[in-house]
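Working notes, structure below.
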Amino acid sequence: MKDNLSQTETYAVSGMHCASCANIIGKKLQKAKGVTEVNVNYATETAKVTFDPNQTSISEFNTEIGKLGYQLNNSEIHQDQFSTSHDHMHHEQLESGLYLQTLQKQLIFPLPIALLVFIFMLWDIGTKLLNLPANPISMSLFSTLTFVFASVILFWAGQDFIIAVGRFFKYRAANMDSLVGFGTLTAYI
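Here you go:
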């Protein structure tokens, strides 16, 4: 039930990657003091929150959901329709641009390593089937190097997924990143 002291704000949400994320954010915000209604939309990456501004604020919301890797952004989304689509599109471009920059940095090391491993594996198969010259690296050394490279790649390029697994154990909230982290760590072990 909404009283006269309550206000409704719509915030852009960053860090939300799946419907489970939206559900987690909604549950966390609903538990905040002074919140009467929450509607988190994964498709538009927004959260509509009705709350008493005398009891809580966006900074308190961000403190709660920030632990889980999410953030509410007060970017005047609740204005007119044209401003909304423009602000949301601008926010999307900034977020995807930052993501692409991070991805490029993280692929600089793993991609060449993956290609080398692939070539050496094909070479090993070729020595057995096509009588190619022997592989210059023994398979025991190759296995050790592969393990070292996999470790570096997992804990550097995949660190976001490992952090998500830690968040799952700490806060008991699974999202897509934690599931990828569990699968990757299981395969690694």
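Number 121 in the working numbering belongs to position 88 of the sequence shown; there are no gaps in the numbering. Glycine is no exception: its CB is placed at the ideal position from the N, C-alpha and C atoms.
{"Check": "Buried versus exposed, by CB contacts within 10 Å (16 or more), S116", "Outcome": "The predicted position of S116 is uncertain, since its pLDDT is 48 and thus under 50; no value can be drawn from it."}
{"Check": "Helix, strand or coil at F151 [DSSP, three-state]", "Outcome": "helix"}
{"Check": "Beta carbon of H50 nearer than 8 angstroms to that of N164", "Outcome": "no"}
{"Check": "Residue(s) in a DSSP beta bridge with Y44", "Outcome": "A80"}
{"Check": "Span of the beta strand (DSSP E) around L105", "Outcome": "Q104 to N106"}
{"Check": "Assigned secondary structure, N87 (DSSP; H/G/I helix, E/B strand, else coil)", "Outcome": "coil"}
{"Check": "Cβ-based neighbour list, A65, same chain, cut-off 8 angstroms, excluding 5 preceding and 5 following", "Outcome": "F84, T89, E93, F94 and E97"}
{"Check": "Cβ pair count under 8 angstroms reaching 3, the segment 47-63 against the segment 201-215", "Outcome": "yes"}
{"Check": "The segment 178-195 / the segment 134-145 touching (three or more Cβ pairs under 8 angstroms)", "Outcome": "yes"}
{"Check": "Short Cβ contact (8 angstroms threshold) for L38 with N87", "Outcome": "yes"}
{"Check": "Of the residues P145, K60 and D157, the one placed nearest Y103, counting alpha carbons only", "Outcome": "K60"}
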